[in-house]
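A short write-up of the structure that comes next.
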Amino acid sequence: MRTHIRPPAPDELSALQDIERAAGAPFRALGMPEIADDEPPALTILERHRRAGHCWVAADERDRPVAYLIAEPVDDALHVEQVSVHPRAAHRGVGRSLIAHAAGRARAQGLTALTLTTFADVPWNAPYYARLGFWTLAETELTPGLRRIRAEEGEHGLDRWPRVCMSALVGQP
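Convert by adding 1498 to the 1-based position in the sequence shown; the result is the number in the working numbering.
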């Protein structure tokens, strides 16, 4: 499957929600039904990221989104809030392409790193990001923004499963 990365059109945001729902389904097999059933970001949130230039889709040969990434600057990094790949596009480098695109955007903005929070023990989460060059941050390495994000995740019940903050350098512009 060949894909290209681009910003989403306003009328594609509901398709991103569908991608999120489909991408969440495999969590059920790991005993994480709450994650599988979690609602995707609201259209207003997706639109805010789209307008800010912090939302990108991987589109297929017919220019339909099959994956998306949303991010926002946090401290001196571009924080990846969500990466979702539809199962029909999984295991084809689509997520890797979105992460690489986000790294390029971070460099262009003068940021030095990508950060994210993720589940430590889910194979397509922390172990996947480690293969892409991310490393787990120690508690003492968390920036104020990452501490805030982790606190919000805890309030939403995500700490029921082990979570980590990770970072990857993006180089200089």
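Beta carbons: idealized from backbone N, C-alpha and C, even for Gly.
For the candidate residues the options, whose alpha-carbon lies nearest to that of residue i?
{"i": "D1516", "options": "H1502, M1664 and E1537", "result": "E1537"}
{"i": "R1560", "options": "P1571, R1586 and R1500", "result": "R1500"}
{"i": "L1656", "options": "D1535, A1527, E1510 and V1592", "result": "D1535"}
{"i": "A1520", "options": "E1651, A1587 and G1669", "result": "A1587"}
{"i": "V1592", "options": "I1543, A1557 and P1660", "result": "A1557"}
{"i": "L1541", "options": "R1526, D1574, P1660 and E1510", "result": "E1510"}
Given a cut-off of 9 Å on the beta-carbon distance, is the pair residue i and residue j in contact?
{"i": "P1524", "j": "Q1580", "result": "no"}
{"i": "V1583", "j": "I1568", "result": "no"}
{"i": "A1604", "j": "A1611", "result": "yes"}
{"i": "L1609", "j": "A1666", "result": "no"}
{"i": "M1530", "j": "V1662", "result": "no"}
{"i": "P1642", "j": "P1563", "result": "no"}
{"i": "E1545", "j": "R1658", "result": "no"}
{"i": "Y1460", "j": "E1639", "result": "This structure cannot settle anything about residue 1460, because the visible part of the chain is limited to 1499 through 1671."}
{"i": "T1616", "j": "N1623", "result": "yes"}
{"i": "L1644", "j": "Q1607", "result": "no"}
{"i": "R1548", "j": "P1508", "result": "yes"}
{"i": "A1601", "j": "G1669", "result": "yes"}
Below 8 Å on the Cβ atoms is my guess for residue i versus residue j; work out the distance and round it to an integer in Å.
{"i": "I1647", "j": "V1572", "result": "7 Å"}
{"i": "M1664", "j": "Y1626", "result": "Contact flag wrong, Cβ pair sits at about 10 Å."}
### Message
Pairs of beta-carbons, one from the region 1541 to 1561 and one from the region 1501 to 1517, closer than 8 Å: are there three or more?
### Response
Counting Cβ pairs under 8 Å, three or more are found: they touch.
### Task
Just list the alpha helix (DSSP H) runs in the region 1590 to 1634, keeping only unbroken ones of 4 residues or longer that don't cross its boundaries, in chain order.
The region 1590 to 1634 contains these whole alpha helix (DSSP H) runs: 1592 to 1606 and 1624 to 1629.
### Message
Check whether the region 1633 to 1643 and the region 1596 to 1608 touch, using three or more Cβ-Cβ pairs below 8 Å as the test.
### Response
Fewer than three beta-carbon pairs drawn from the region 1633 to 1643 and the region 1596 to 1608 are found closer than 8 Å, and the two stretches are therefore not classed as touching.
### Query
Could you give the uninterrupted runs of the beta strand (DSSP E) lying entirely in the region 1513 to 1562, keeping only those of 3 residues or more?
Taking 3 residues as the shortest admissible run, the region 1513 to 1562 contains the following complete beta strand (DSSP E) segments, listed from N- to C-terminal end: 1553 to 1557.
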